[in-house]
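Visitor: Starting off with a structure, shown below.
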Amino acid sequence: MMSNFKILFSVTIAFTISFLLLFSYMELYELGKFTSNLIEKEEIEKFNERKNIFLLGSSFVGSLNSSHIENYLKKNNLDSNVYNVRDNKIFRMVEISDSIILANPDIIVYGIGYRDIGYIENDCLITNDFIPYNNKTIEEVLIQYESKKLFDPSEIIDAKNPKFELFDLSEFHPKYITIELLRHYLKGEKSYELTISNQSGISEIPLGDFKSSEIVNIDDLNSLDSEVYGMCYDYRDQELDNLRIVMNKLIVKEPRIIIFIPPFTQSYIEKMPPELRESLTTSVFNIAKEFDAEFYDLSEHYKSSNIFEDHTHIAKNPKSIVFSEDIAKIILGTK
Amino acid sequence: MSYTIDIYRGKLKPSKTLKEFALFVAFFPQLVAGPILRASHFLPQLREKILDCKARHGIRLITIKSINLKIGITIMTLGFLKKMFFADNIGVMVDEIFSNPLGAESFTIILGSIAFGVQIYCDFSGYSDIAIGAAKIFGFRIPINFNKPYFATSPVDFWRKWHISLSSWLRDYLYIPLGGNKKSQNRTYFNLMIVMLLGGLWHGASWNFVIWGFLHGVYLGIEKFLIQRCPIFQKNQLIQSKLGKIISILLTQYLIFMTWIAFRVEDFNALNYSLYKYVIWDFSFETTLTVVSHNLIPLLLIFTFFILHYISYKTNIQIILSQLKTIYWTLFLIAVMISILFFFDGNSQDFIYFRF
């Protein structure tokens, strides 16, 4: 019986020591003491020298992989911190652009989809003028919309901690810390990762444990009716004004600004009345010109490529990485 | 089923009390997913313990012996290590590759199938170890369920080492009653195929598992055919040599890992594509290198797994660890716990075999 107690005591000791080490590890990491002894100084210096690049926009920008862009730029001699601040409509960007400015952006890449311009929160969601919202009533759409929690990235920017950025950690999690440290010593590349688990959009969790979305065959997509939200283009001036407000704020620190129209499927493009599409594109182009921003129209760029998850979104998938690479090339000025 | 059949065959005395039968059915380390515990294994152990308790104490108490406690905890710890450290962390790479394999290169598919093979082994044998260890603590012996299957030298050998409780159950309660290999040759092939197809369906009502079972049925049939028609193979000196054994292991595992694709890839087009790429190599490395660079940690774990698998192939690692002095044994526990805790991402992953 005594021997049993000895064994159980050993197990208790093992549990205690393991958890003690775990909590100490996390605590020390949070205090910065752990990293300062190992890698912090060198990395902080490198970090400060890097360009801050912000990817802004709504869900269209969500499939841009900030880590991949960062790696691509690094390979082409542009050391940078790339942050994907996505899932924000233009009017929301008005609120958070101050926070972005505080983070000293060097380059801002802003993706503006056609839907963004016709978007009005809560009212007039589906009084569409060109595409019906398939099979859903106004009430259903509003309920669906209201239940959707939109993340405000300003919270993250306010709580910006260099160590977060240093390792692209969104939280102090033992696994993330362990793997980042291992990666540091292995000198491996940052893993390909995507962002669903980290709704912050501020860089991402580089674990390779991303939840990717599946690519839907482009022929299947193009053979179907595009299911898109109906928009209120009657109100477009309101969002274009908001865009001007955002741009006015962003230019304060004189960053390089790139505006692009994200890619869509052929079917989606064909469903839009050409006059409306031209008018929306021109509106965005004029604002880009007004603020001396570069303008790229990628709307038809991949219309027949097998990289979409639906008509308006590139899939979050390694095989869709061409989109991120093209954005990286635009940043480098090689596209 | 085995309880009823064994009683019918006169191999087992029926339980005289409901309590005894209930204890067998409700014995918690054993679940439907496996390891499959037969009444003929469990009830004699239970009856012996009840008699022993009656003789010594007059009450039904199970004494936990320190030797069983230490071995049980050691086996359980290794089970947790397999599941939470190896399987869950390697699964990240598997998900990346097989979430949408269409368009992937051959070597990416091969890498994915190896990773999934390691993941499913660590997952299920990890669970089996936890069950065996838990039973061992109470003094019950559950037969081993895996015996280093990735060192099998042929498909038949693989099934002697993989999910042993299921394969032996299928042999005793399905293959032999069907006639086994005692009837005509064609009947033997038919029996093998039926057993493997039903073995596949045991995992779930899906075409994937039928294909998986079919592939294994074909492998076993071909091996049987070669042994019967070309006995020279078995006596060949090259095959008997060390090199021959290594080649047999690699060839067997290449075939086995191919079947894991059918197990993992649910979409039929993707499965078709993956199997094609697995067999017909495209010798392209572009995206494979990207996948490798993204998954250094899972690859390191796969490499470590094979080293440990080899060590346990050569020695009985469980016994060696459980015989360590208390201080070293405690350090072993700490090392395992740290590995698990520091690599656990906070999201619990279900056991793969619990779906079946």
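These protein sequence lines map, in sequence, to chains A and B. Count the first sequence with our numbering and you get residues 1 to 335, in order. Count the second sequence with our numbering and you get residues 1 to 356, in order. No residue lacks a Cβ here, since even glycine has one placed at the ideal position from N, Cα and C. Computed from a prediction, not measured in an experiment: that's the story for all the values here.
#1: Just list the residues that DSSP pairs Lys51 of chain A with in beta bridges.
#2: Do we get a CB-CB distance below 8 Å when we pair Gly10 of chain B with the residues of chain A?
#3: For the alpha helix (DSSP H) that contains Gly199 of chain B, what are its first and last residues?
#4: Ordered along the chain, which non-local residues of its own chain (more than five positions away) have a Cβ less than 8 Å from that of Glu105 of chain B?
#5: Along the segment 199-213 of chain B, what residues have a CB closer than 8 Å to any CB found in chain A?
#6: Under a three-way DSSP split, which group does Ile215 of chain A fall into?
#7: What residues of chain B sit near Glu214 of chain A, judged by a beta carbon separation below 7 Å?
#8: Give the secondary structure of Phe285 of chain B by DSSP, where H, G and I count as helix, E and B as strand, and everything else as coil.
#9: On the DSSP bridge list, what partners appear for Tyr296 of chain A?
#10: Keeping to the same chain, check which residues put their C-beta closer than 8 Å to that of Val322 of chain A; ignore five residues upstream and five downstream.
#11: Please state whether DSSP places Ile108 of chain A in a helix, a strand or coil.
#12: Taking DSSP's pairing of strands, which residues face Ile314 of chain A in a bridge?
#13: Excluding the five sequence neighbours on either side, which residues of its own chain have a C-beta within less than 6 Å of the C-beta of Ser165 of chain B, listed in chain order?
#14: For Leu336 of chain A, return the contacting residues in chain B, with the cut-off set at a CB-CB distance below 8 Å.
#15: Can you pull the chain A residues whose beta carbon is under 7 Å from the beta carbon of Ile334 of chain B, in chain order?
#16: Between which two residues does the alpha helix (DSSP H) containing Cys122 of chain B stretch?
#17: CA-CA distance, Leu280 of chain A and Leu298 of chain A?
#18: Check whether chain B comes within 8 Å of Ser10 of chain A, counting only Cβ atoms and requiring the distance to be less than that.
#19: Would you mind sorting Lys314 of chain B into buried or exposed? The rule is 16 or more other CB atoms within 10 Å of its CB.
#20: From the beta carbon of Leu299 of chain B, is the nearest beta carbon of chain A less than 8 Å away?
#21: Are the beta-carbon atoms belonging to Phe86 of chain B and Cys53 of chain B less than 8 Å from one another?
#22: Excluding the five sequence neighbours on either side, which residues of its own chain have a C-beta within less than 7 Å of the C-beta of Arg244 of chain A, listed in chain order?
#23: Using DSSP's beta-bridge definition, name the partner residues of Val85 of chain A.
#24: Counting only Cβ pairs nearer than 9 Å, list the residues of chain B close to Ile7 of chain A.
#25: DSSP on Asp116 of chain A, reduced to helix/strand/coil?
#26: Does the CB of Lys319 of chain A have a neighbour CB from chain B at under 8 Å?
#27: Would you report the Cα separation of Glu20 of chain B and Ser167 of chain B, rounded to the nearest angstrom?
#28: Would Phe303 of chain B pass as an interface residue toward chain A - the criterion being a Cβ-Cβ separation below 8 Å?
#29: Do you know how far the Cα of Phe9 of chain A is from the Cα of Asp172 of chain B?
#30: Helix, strand or coil for Leu280 of chain A per DSSP?
#31: So with Cβ pairs under 8 Å, would you call Ser3 of chain A a contact of chain B?
#32: So, does the segment 292-308 of chain B touch the segment 112-119 of chain B, judging by three or more C-beta pairs under 8 Å?
#33: In chain B, what lies closer than 8 Å to Leu250 of chain A by C-beta?
#34: What whole-angstrom Cβ distance do Thr326 of chain B and Lys6 of chain A have, given they're in contact under 8 Å?
#35: For Leu22 of chain A, which residues in chain B fall below 8 Å Cβ to Cβ?
#36: With burial defined as no fewer than 16 other Cβ atoms inside 10 Å of the residue's Cβ, what is the status of Tyr310 of chain B: buried or exposed?
Guide: Concretely, from the data shown:
#1: As a first step, residue 51 of chain A is located in the first sequence; it is residue number 51 there, counting from the start. DSSP lists A:Ser80 as partners of Lys51 of chain A.
#2: Here residue 10 of chain B refers to the residue found at position 10 when the second sequence is read from its first residue. Output row for Gly10 of chain B: interface = no.
#3: Here the question's residue 199 of chain B lines up with position 199 in the second sequence. Gly199 of chain B -> alpha helix (DSSP H) spans Gln185 to Trp202.
#4: As a first step, residue 105 of chain B is located in the second sequence; it is residue number 105 there, counting from the start. Cβ within range, chain order: Lys277, Asp282, Ser284, Phe285, Glu286, Thr287 and Thr288.
#5: none
#6: Within the first sequence, residue 215 of chain A is the residue found at index 215, counting from 1. Three-state DSSP puts Ile215 of chain A in coil, outside helix and strand.
#7: Taking the first residue of the first sequence as position 1, residue 214 of chain A is located at position 214. Result: Ser99 and Asn100.
#8: Within the second sequence, residue 285 of chain B is the residue found at index 285, counting from 1. It is coil, neither helix nor strand.
#9: What you label residue 296 of chain A is simply residue 296 of the first sequence in a count that begins at 1. DSSP output for Tyr296 of chain A lists A:Phe260 as bridge partner(s).
#10: Against the first sequence, residue 322 of chain A aligns to sequence position 322. The residues are Tyr302, Ser305 and Ile307.
#11: Taking the first residue of the first sequence as 1, we reach residue 108 of chain A at position 108. DSSP places Ile108 of chain A in strand when its eight states are reduced to three.
#12: Counting from one through the first sequence, the residue named residue 314 of chain A turns up at place 314. DSSP output for Ile314 of chain A lists A:Phe308 as bridge partner(s).
#13: As a first step, residue 165 of chain B is located in the second sequence; it is residue number 165 there, counting from the start. So the qualifying residues of the chain are Gly34, Pro35, Ile36 and Asn145.
#14: Nothing about residue 336 of chain A can be reported from this structure: the residues present for chain A run from 1 to 335 only.
#15: As a first step, residue 334 of chain B must be located in the second sequence, where it is residue number 334. Result: Ala14, Ile17 and Ser18.
#16: If you number the second sequence from 1, residue 122 of chain B lands on position 122. Its alpha helix (DSSP H) spans residues Ser106 to Ile137.
#17: Translated into the one-based positions of the first sequence, residue 280 of chain A becomes position 280. Translated into the one-based positions of the first sequence, residue 298 of chain A becomes position 298. Taking the straight line joining both Cα atoms gives about 14 Å.
#18: Working through the first sequence from its first residue, we reach residue 10 of chain A at position 10. Chain B, which has a Cβ nearer than 8 Å to the Cβ of Ser10 of chain A, makes this yes.
#19: Here the question's residue 314 of chain B lines up with position 314 in the second sequence. By the 10 Å Cβ count, Lys314 of chain B comes out exposed.
#20: Translated into the one-based positions of the second sequence, residue 299 of chain B becomes position 299. Not an interface residue.
#21: Position 86 of the second sequence, counted from the first residue, corresponds to residue 86 of chain B. Position 53 of the second sequence, counted from the first residue, corresponds to residue 53 of chain B. Contact flag unset, no.
#22: The residue labelled residue 244 of chain A in the question sits at position 244 within the first sequence. Ile287.
#23: Mapped onto the first sequence, residue 85 of chain A falls at position 85. The partner list for Val85 of chain A (beta bridge, DSSP) reads A:Leu56.
#24: By 1-based counting over the first sequence, the position of residue 7 of chain A is 7. Neighbours of Ile7 of chain A on chain B, chain order: Ser66, Leu69, Lys70, Ile73, Thr326 and Trp329.
#25: Taking the first sequence and counting its residues from 1, one reaches residue 116 of chain A at position 116. Three-state DSSP puts Asp116 of chain A in a helix.
#26: Walking along the first sequence from the start, residue 319 of chain A turns up at place 319. Chain B, which has a Cβ nearer than 8 Å to the Cβ of Lys319 of chain A, makes this yes.
#27: As a first step, residue 20 of chain B is located in the second sequence; it is residue number 20 there, counting from the start. As a first step, residue 167 of chain B is located in the second sequence; it is residue number 167 there, counting from the start. Distance between the alpha carbons of Glu20 of chain B and Ser167 of chain B is about 27 Å.
#28: As a working mapping, residue 303 of chain B is identified with position 303 in the second sequence. No, Phe303 of chain B does not count as interfacial toward chain A.
#29: Taking the second sequence and counting its residues from 1, one reaches residue 172 of chain B at position 172. Taking the first sequence and counting its residues from 1, one reaches residue 9 of chain A at position 9. Distance between the alpha carbons of Asp172 of chain B and Phe9 of chain A: 44 Å.
#30: Within the first sequence, residue 280 of chain A is the residue found at index 280, counting from 1. Of the three classes helix, strand and coil, the one that applies to Leu280 of chain A here is helix, per DSSP.
#31: Within the first sequence, numbered from 1, the residue matching residue 3 of chain A stands at position 3. Output row for Ser3 of chain A: interface = yes.
#32: yes
#33: As a first step, residue 250 of chain A is located in the first sequence; it is residue number 250 there, counting from the start. Going along chain B, no residue has its Cβ under 8 Å from Leu250 of chain A, so there is no contact; the nearest lies around 33 Å.
#34: Within the second sequence, numbered from 1, the residue matching residue 326 of chain B stands at position 326. Within the first sequence, numbered from 1, the residue matching residue 6 of chain A stands at position 6. Rounded, the Cβ-Cβ distance is 6 Å, consistent with contact.
#35: As a first step, residue 22 of chain A is located in the first sequence; it is residue number 22 there, counting from the start. Residues of chain B passing the Cβ test: Ile338, Leu341 and Phe342.
#36: As a first step, residue 310 of chain B must be located in the second sequence, where it is residue number 310. Exposed.
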